[in-house]
Amino acid sequence: MDRRNFLKVTAATGALVAISPSTITGRLYADTNILYQTYEKVQLVDASGVAIKASTLKKETNYVFNYPYVSTPSILLDLDTPTVQDVTLKSEDGQEYIWKSGVGAKRTIVAYSAICSHQLAHPTPDDSFLQYCTKDKKTMAYEHGGVMVCSSHLSAFDAKEGCKRLAGPAAQPLASIIIEVAADDTLWAVAVLGPDKFHEYFQAFKPEFKKYYGGKREAKNLVNTSAKMVTLNEYTKEIIQY
Amino acid sequence: MKKVILSILCLVFASSLYAQTKTEQSKLASDMRTMLAAVTDIQRAGFYNNKIGVKEAATKLIKSLDSLLTTDPTSYLPNDKADAGKFAKKREQMIKLYAEDLIVSIESENIEDAMDNYSRILNECTSCHSRIRTKAWK
């Protein structure tokens, strides 16, 4: 490689990293197997593209947005009580990590990857077996409501404690989506904390990706700039909760 | 006389309902056996690199799913698992989806994907049986 080409490659790489730092930081975190990965910072917007404000969220309502990939559903909640702080969680392979707390004025806003850590049940446009069960409802998965429930094999997770496992066959928490509330009250997704199941998910649901996204390659596109967030009722035709 | 005729009519109606349920259940049991045979055939044909065999077995599996897909799961689930009807239905739909994709993969000579579909089918079967027949495993 001559000097001119070397300078071109160096300048192009520098420009790429400057435009999108997560292209390099994300890879580095993944390679070191740390349970935290930054992705493109995206703004949560409603179906018509208007930024959603934290103060407009309805309490204990399942909001769905796809992040960090266009096909990986996440659930955002504004709980009715403040979340617990600095929760130590453990992945299936024994790695510990700290879930700091919910965000927002009262630390009530949380978001989790809506792919079950047991057998990857997740909301689709046709149905949803995994969602938050409000406090006033009963679930077969746990002794009371107010928890995230996967109704496929009846696993329950504590939404106010980083979705640590409470009951059922799941062996680890749901991964958390790191949310930031900006000074103007808008919501941003920035990273994933904890043992995500994205790799297994992309392996397992190839026919489903064809149906909903046109194929696996399309399903693996990263979300950028903004992510549409709607209520679970709007996202899916049928909510199944036992 | 009226009472006698009414009683006979009720009895005939009840027995025909019972007979219909029994027929549906035996059809489902038969289809379940066909599903098991089809899954075994996919594996056997896969091990012998028999693409036509894999395709035929996958088609057989899809056909055998028909009665399951059109039957209300609560009619065949054990009483204590009747609430898992929608879960069972979802597993049936996923098996069909994977079996259809298995055929597409075989036709496009993507054997790795085809065998992956096969393992997903098995996973759906065991996923359902482990939930529905929890007690049977103990």
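Protein sequences, first through last, are from chains A and B.
Those letters in the first sequence? Residues 85 to 326, by my numbering.
Those letters in the second sequence? Residues 109 to 246, by my numbering.
Note that CB positions come from ideal geometry on N, CA and C, so glycine has one too.
A quick note: this is a predicted structure, and the numbers were derived from the prediction, not measured.
Judging by CA-CA distance, which residue of the options is the nearest neighbour of residue i?
i: W272/A; options: F149/A, A131/A, S132/A; result: F149/A
i: H202/A; options: K281/A, K312/A, T122/A, T192/A; result: K281/A
i: V314/A; options: Y123/A, A131/A, E124/A; result: A131/A
i: D191/B; options: E176/A, H237/A, D170/A; result: H237/A
i: I323/A; options: V231/A, Y216/A, A254/A; result: Y216/A
i: T167/B; options: K189/B, Y226/B, S183/B; result: Y226/B
i: R241/B; options: Y184/B, K204/B, I229/B, D149/B; result: Y184/B
i: T142/B; options: D209/B, V212/B, I170/B; result: I170/B
i: P157/A; options: N146/A, A198/A, Q179/A, G188/A; result: A198/A
Give a yes or no on whether the minimum CB-CB distance between residue i and chain B is below 9 Å.
i: E124/A; result: no
i: Y113/A; result: Any reading at Y113/A must be qualified, since the residue scores a pLDDT of 40, below 50, and its modelled position is unreliable; no value is offered.
i: P291/A; result: yes
i: S201/A; result: no
i: K321/A; result: no
What three-state label does DSSP hand residue i in the structure shown?
i: L210/B; result: helix
i: F213/A; result: coil
i: Y226/B; result: helix
i: I200/B; result: Reading the sequence as shown, one finds Glu at residue 200/B and not Ile. Helix at E200/B.
i: M227/A; result: Checking the displayed sequence, the identity of residue 227/A turns out to be Glu instead of Met. Looking at E227/A - three-state DSSP - the assignment turns out to be coil, as it is neither helix nor strand.
i: L91/A; result: helix
i: V307/A; result: coil
i: G154/B; result: helix
i: L119/A; result: coil
i: E94/B; result: As shown, chain B starts at 109 and ends at 246. That puts residue 94/B outside it, with no answer to give.
i: R111/A; result: In this prediction, R111/A has a pLDDT of 39, which is less than 50 and means its spatial position is unreliable; nothing more can be read from the coordinates.
i: S139/A; result: helix
i: T320/A; result: coil
i: L271/A; result: strand
i: P105/A; result: In this prediction, P105/A scores a pLDDT of 46, lower than 50, which makes its location untrustworthy; the coordinate-derived value is nonetheless stated afterwards. It is coil, neither helix nor strand.
From what residue to what residue does the beta strand (DSSP E) around residue i run?
i: R249/A; result: 248-251
i: V162/B; result: Note, V162/B: premise wrong, no beta strand (DSSP E); alpha helix (DSSP H) at 159-178.
i: D162/A; result: 157-162
i: K184/A; result: Taken as a continuous stretch (DSSP letters only), K184/A belongs to no beta strand (DSSP E), as it is neither H nor E.
i: T172/A; result: 171-174
From which residue to which residue does the alpha helix (DSSP H) around residue i run?
i: P291/A; result: 290-297
Chain A beta carbons: is any one of them nearer than 9 Å to that of residue i?
i: D180/B; result: no
i: N187/B; result: no
i: K163/B; result: no
i: F155/B; result: no
In the DSSP output, what is residue i paired with across the bridge?
i: M232/A; result: Y216/A, F241/A
i: V314/A; result: V148/A
i: I261/A; result: V276/A
i: I193/A; result: D162/A, V187/A
i: V129/A; result: A135/A, K312/A
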